[in-house]
Amino acid sequence: MKSLEERDRALIEAAGAAIRRNYDGENFHHTVGAAVRCGSGAVYTGVNVYSIHGACAEQVAIGSAITNGERVLEAIAAVRGKDGSELLPPCGSCR
C-alpha cells in the first residue's frame, strides 16, 4: 500500500479535530467528521447532522468549501469515533 503524503495525514487530522470538537454520540447527532482540501490548499471541515433527512459530514465540509468560494476539490477524508481515529470510506450518499 502506498504511504500517505504529509498533506493527506494533515487532512485526516483536520477531520479528526472536527469530530473531537463536536462529538455527540450520546444523542447520535454528530459522530463523523470530514475535511476537504481544495485547489487553493485551504481545508474545510464538517460533521454529520443527524435529522430525518440528515447530512453526512462530507456534504457539510463540501458545502463549507463552496460557501467560501472554492470550486476545485482535491481530496476528502472522513473519520468517526469520539477520538476521530477510525478512517472511513465514502458513505452511501457520497459514493
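The opening residue of the sequence shown carries number 1 in UniProt numbering; numbering runs sequentially from there.
Backbone N, C-alpha and C fix where the C-beta goes; we use that ideal spot for every residue, glycine too.
These numbers come from a predicted model, not from an experiment.
Minimum C-alpha distance to residue i - residue among the options
i: residue 56; options: 7, 95 and 27; result: 95
i: residue 45; options: 91, 3 and 77; result: 77
i: residue 89; options: 34, 43 and 4; result: 34
i: residue 54; options: 74, 67, 3 and 29; result: 29
i: residue 8; options: 86, 63 and 74; result: 74
Whole-number beta carbon distance between residue j and residue i, since they are thought to touch under 8 Å
i: residue 38; j: residue 72; result: 6 Å
i: residue 47; j: residue 32; result: 7 Å
i: residue 43; j: residue 14; result: 5 Å
Other residues of its chain near residue i: CB distance less than 6 Å, five sequence neighbours each side excluded
i: residue 93; result: 56
i: residue 18; result: 33, 45 and 47
Neighbourhood of residue i by C-beta distance below 8 Å, restricted to the same chain and skipping five residues each side
i: residue 1; result: Any answer about residue 1 is weak, because its pLDDT of 45 lies below 50 and its placement is not dependable; what the coordinates show is given next. Answer for residue 1: no residue qualifies.
i: residue 20; result: 33, 82, 83 and 84
i: residue 86; result: 79 and 80
Other residues of its chain near residue i: CB distance less than 7 Å, five sequence neighbours each side excluded
i: residue 40; result: 70
i: residue 68; result: 44
i: residue 65; result: 36, 38, 44 and 73
Residue ranges of each beta strand (DSSP E) run of no fewer than 3 residues wholly in the UniProt domain "CMP/dCMP-type deaminase" (6-95), ordered along the chain?
Listed in chain order, the complete beta strand (DSSP E) runs (minimum 3 residues) inside the UniProt domain "CMP/dCMP-type deaminase" (6-95) are 32-38, 43-47, 73-80 and 86-88.
Quick check: the region 82-92 against the region 22-42, are at least 3 beta-carbon pairs closer than 8 Å?
When Cβ pairs closer than 8 Å are counted between the two stretches, the region 22-42 is seen to touch the region 82-92, the count reaching three or more.
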